[in-house]
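Undergrad: Just so you know, we're using the numbering used here here: the sequence shown kicks off at 291 and counts up by one. Cβ coordinates follow ideal geometry from the N, Cα and C atoms, glycine included. Handing you a structure now.
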Amino acid sequence: MATATASPALRRDRVLADRFGGTLVREAVLVVAGTLVLTLMARLSVPLPFTPIPVSLGTLGALSVGALGGARRSLLSVALYTALGVAGAPVFAEDHVGWAFASFGYVLGYALVALIAGAAAERGWDRKPHTMLAASVVSLFSVYATGLAWMIPFTHMGLADGIAKGLAPFVVGDLLKAAVAAGAFPVIRSLTRR
């Protein structure tokens, strides 16, 4: 009995990583690569004196992993990243380890960022700047749901103070990250077309 497989010419790559996946080993390498990208970008951070949350490229890392790897791979990459940090590996911004720190909710939010960006890319939203911009804004701002939900009770702040310290200082930066993604990912996709 013959098994049906799609030839490379007939296969439709929904996200860029689909070109490299397929076998269990390749899929595992892609997940680990996504974790490495997220780790490197999250470690690029600057502490702010007026908030317990640093400025980090972690959200852009999660968005990038999602847009390039798709929803499933990116969720696995974020899960591995989070598990490594909780276990004590120095992968989080500002050398945090474990889970008992104010910005851990934002780390948990990376899963939402990656999932939304990955699902959008799988639907072709990474191919045009305006759709990638919309996906990026929704993706990046989703991190505040878990970030604020964790930070406010962890630091014993009120809602207004939490928003002032955990959301407001980062809006402009996240809009810039969304603009970078909207400009970069359609170009990356067009350069990698067969």
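Does the Cβ of residue 372 have 16 or more other Cβ atoms within 10 Å, making it buried, or fewer, making it exposed?
TA: Translated into positions along the sequence shown, residue 372 becomes position 82. Counting Cβ neighbours within 10 Å, residue 372 comes out buried, since at least 16 surround it.
Undergrad: Any idea which residues DSSP pairs residue 336 with across the strands?
TA: The residue given as residue 336 occupies position 46 in the sequence shown. Paired residue(s): 345.
Undergrad: Does the stretch 371 to 388 come into contact with the stretch 421 to 435, if we say contact requires no fewer than three beta-carbon pairs (one atom in each stretch) closer than 8 Å?
TA: Flag = no, the stretch 371 to 388 and the stretch 421 to 435 do not touch.
Undergrad: In whole angstroms, give me the CA-to-CA distance for residue 354 and residue 385.
TA: Counted from its first residue, the sequence shown places residue 354 at position 64. Counted from its first residue, the sequence shown places residue 385 at position 95. Residue 354 and residue 385: Cα-Cα distance of roughly 22 Å.
Undergrad: Starting from the C-beta of residue 485, find all residues in its chain whose C-beta is less than 7 Å away, skip the five residues before and the five after it, and write them out in chain order.
TA: Past the edges of the chain, shown from 291 to 484, lies residue 485, and the structure says nothing about it.
Undergrad: Under a three-way DSSP split, which group does residue 401 fall into?
TA: In the sequence shown, counting from the first residue as 1, residue 401 sits at position 111. Here residue 401 sits in helix by DSSP.
Undergrad: Assign residue 351 to one of three DSSP states: helix, strand, or coil.
TA: Along the sequence shown, read from residue 1 onward, the residue named residue 351 stands at position 61. Residue 351: helix per DSSP, three-state reduction.
Undergrad: Quick check on DSSP: helix, strand or coil for residue 467?
TA: In the sequence shown, residue 467 corresponds to position 177, counting from 1. Residue 467 falls in the helix class under three-state DSSP.
Undergrad: Taking the alpha helix (DSSP H) that residue 440 belongs to, which residues open and close that run?
TA: Stepping through the sequence shown from its first residue, residue 440 is reached at position 150. Run containing residue 440: 419 to 445, per the alpha helix (DSSP H) assignment.
Undergrad: Closer than 6 Å by C-beta to residue 347: which residues in its own chain qualify, once you throw out the five before and the five after it? Chain order, please.
TA: Here the question's residue 347 lines up with position 57 in the sequence shown. Hits under 6 Å: 331 and 334.
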